[in-house]
Amino acid sequence: MELHLDLVGGIAGDMFVAAILDLRPDLETGLLSALSYAPMLQGVSCRIVSHDDGILTGRRFLVERSDPDTTHGHHHHTAWRDIRAALSASSLDAETTRHAIGVFSLLADAEARVHGTAAGAVEFHEVGAWDSIADIVAAAYLIARLKATRWTSSAAPLGSGRVRTAHGILPVPAPAAALLLEGLPTIDDGIPGERVTPTGAAILRYLCKQETISPQPRRLVASGFGFGTRKLPGISNCVRVICFESLATDVAGSDRVAVLQFEIDDQTGEDLAQGIENLRAHKDVLDVVQTPVFGKKGRMMTGVRILARPEAVAQVAALAFDETTTIGIRHAIVDRAILPRKIVDTKVEFGPMRVKLVKRPSGQTAKAEASDVGDTANAATRQRRRQAAEAAAKTGMKS
């Protein structure tokens, strides 16, 4: 399942939650139950209501509190370390807790950059208030239940003007929101106001990274609308979430990778080999391939192709510039089909061996790890070792 966020009016935490619940109303009861024992939400009630703005219909997520110390203009300050400790010690399930801390961590990092302090010293104001805590915990609960393989987003509307906060009057988008939107697609549609809140920007950053909607054919399954509190001129203030199913085979999964390519004709083979090994060692590099190619004037060159995680293009390109003599790199984000695989341990007469099992459309295949037979004396013995280990893995004779 892939989920796309269409930011019609913008995005805030409550809009995201409402859109998901409009898409999946079956999750409402479980969410309200989880929020009832979430940390820092004593005396807070949450409810989901239907909404019709005269253009579109959907849901709203309302967070309310009757606590008398919460009066108009009062700003509740909460330290990030206290929020993190409360979430870690709560009775929320592990996945909800992980996602909630992930979103809050992004907010803390952005606030720390804005105020020139360490993330651990950050005190939240608007985001530390009970309603924002409820929004983030609710979003985390829903993210954990949906288990989407990919989240994408349309361009985020920037908005314009000023917004009143606990820090005073700030420009729109708010500084923390602007930092969280760095690298994500944005648009200025001419409609003023705060269109993306810091909480909404943190959810986008956490889920969507730098991805836009997939160009691959997919089946549209369902959609939902979540509304915010403000009314915008001529447009619904909502987020639309669209659910897709992949049209790929039932066996193959899919993801996206960055491909970086360049050619080298002025670096020694010995030094280039070391540079490529250093590239392979980078945590975000998935693979590096080198091939012989012919360049201008018939020169023999080495073509280098790197597969990396999409969010690490800039870091991997910088490393390639440092480790090789290239002065230009082509790069793109591409889709790839991937088959389920796992490594199993086997015991055969030759000793323990690892085998990779791969689920293919026509059936399962097995391949012994080359490094486990590398010290064998001759080709015939190596072949017998591979065949014995692969047969053991297929029949389930694992250690």
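In the UniProt record's numbering, the protein residues as written are 1 to 399.
Note that beta-carbon positions come from the ideal geometry of N, C-alpha and C, so glycine has one too.
Residue i, DSSP secondary structure in three states
| i | result |
| --- | --- |
| Ser105 | helix |
| Ile20 | helix |
| Arg230 | coil |
| Ala79 | strand |
| His72 | At His72 the pLDDT is 44, less than 50, meaning the model places this residue with poor confidence; the figure from the coordinates comes in the next sentence. Residue state, collapsed to three classes: coil. |
| Pro39 | coil |
| Ile203 | helix |
| Gly13 | helix |
| Arg88 | Contrary to the premise, residue 88 reads as Ser rather than Arg in this sequence. In the structure shown, Ser88 sits in a helix (DSSP, three-state: H, G or I). |
| Val127 | Because Val127 carries a pLDDT of 49, less than 50, the predicted location of this residue cannot be relied on, and the following value inherits that uncertainty. Three-state result, Val127: coil. |
| Val285 | strand |
| Arg336 | strand |
Residue nearest to residue i in terms of C-alpha spacing, selected from the options
| i | options | result |
| --- | --- | --- |
| Val311 | Asp375, Glu28, Ile48 and Cys208 | Strictly speaking, residue 311 in this sequence is Glu, with Val absent from that position. Answer by Cα proximity: Cys208. |
| Ser371 | Val288, Gly396, Arg360 and Pro352 | Pro352 |
| Gly54 | Leu232, Ile101 and Tyr206 | Leu232 |
| Leu272 | Arg205, Arg98 and Ala320 | Ala320 |
| Gly43 | Asp52, Val63, Arg59 and Asp6 | Val63 |
| Ala144 | Thr268, Val17, Leu339 and Ala368 | Val17 |
| Val8 | Ile203, Val355, Leu56 and Val137 | Leu56 |
| Thr291 | Ile276, Phe61, Arg385 and Val285 | Ile276 |
| Ser362 | Ala178, Leu339, Arg162 and Gly13 | Leu339 |
| Val13 | Gly116, Arg162 and Tyr206 | Inspection of the sequence shows that residue 13 is occupied by Gly rather than by Val. Ranking Gly116, Arg162 and Tyr206 by Cα distance to Gly13 puts Tyr206 first. |
| Lys147 | Val358, Val373, Thr324 and Cys243 | Cys243 |
| Arg65 | Ser132, Ala380 and Asp189 | Ser132 |
| Thr268 | Ala176, Thr325 and Val293 | Thr325 |
| Val221 | Ser246, Leu92, Val293 and Ala108 | Ser246 |
| Val316 | Val285, Tyr37 and Asp6 | Val285 |
| Ala34 | Leu92, Thr78 and Gly58 | Leu92 |
The alpha helix (DSSP H) enclosing residue i, as first and last residue numbers
| i | result |
| --- | --- |
| Pro352 | Segment Gly351 to Arg360 is the beta strand (DSSP E) holding Pro352; no alpha helix (DSSP H) there. |
| Asp131 | Trp130 to Leu146 |
| Ala379 | Ala379 to Lys394 |
| Arg280 | Gly269 to Arg280 |
Range covered by the beta strand (DSSP E) that runs through residue i
| i | result |
| --- | --- |
| Lys342 | Arg341 to Val348 |
| Asp6 | Glu2 to Asp6 |
| Ser246 | Cys238 to Ser246 |
| Thr365 | Gly363 to Ala368 |
| Thr325 | Where Thr325 is concerned, there is no enclosing beta strand (DSSP E), given that its DSSP letter is neither H nor E. |
| Arg150 | Arg150 to Ser153 |
C-beta neighbour in chain C for residue i, strict 9 Å
| i | result |
| --- | --- |
| Ser371 | Absent here is chain C; the protein component of the structure consists of one chain. |
Bridge partner(s) assigned by DSSP for residue i
| i | result |
| --- | --- |
| Thr57 | Asp52 |
| Met301 | Val293 |
| Pro171 | Arg162 |
| Ile260 | Here residue 260 is Leu; the residue named in the question, Ile, does not match the sequence. Paired residue(s): Ile306 and His331. |
| Val114 | BP columns for Val114 are empty, so no partner. |
| Cys46 | Val63 |
| Thr186 | Ala156 |
| Phe225 | Arg240 |
| Arg218 | Ser246 |
| Val373 | Val373 is not bridged to any residue. |
| Asp255 | Arg336 |
| Gly193 | Ser160 |
Give a yes or no on contact between the stretch 151–171 and the stretch 20–31, applying the rule of three or more CB pairs nearer than 8 Å. No, the stretch 151–171 is not in contact with the stretch 20–31.
Report yes or no: do the stretch 215–232 and the stretch 175–185 share at least 3 C-beta pairs separated by less than 8 Å? By the Cβ criterion, the stretch 215–232 is not in contact with the stretch 175–185, since fewer than three pairs of Cβ atoms, one from each stretch, lie closer than 8 Å.
Are the stretch 230–240 and the stretch 298–307 touching by the rule of at least three beta carbon pairs closer than 8 Å? With a cut-off of 8 Å, the stretch 298–307 and the stretch 230–240 do not count as touching, because too few Cβ pairs lie within range.
Report yes or no: do three or more beta-carbon pairs, one from the stretch 317–330 and one from the stretch 258–275, lie closer than 8 Å? Yes, they touch.
Validate contact between the stretch 333–349 and the stretch 386–394 using beta carbons, cut 8 Å, 3 pairs: Cβ pair count under 8 Å is three or more, so yes.
Hey, is the stretch 150–161 in contact with the stretch 78–92, meaning 3+ C-beta pairs nearer than 8 Å? Segments in contact, no.
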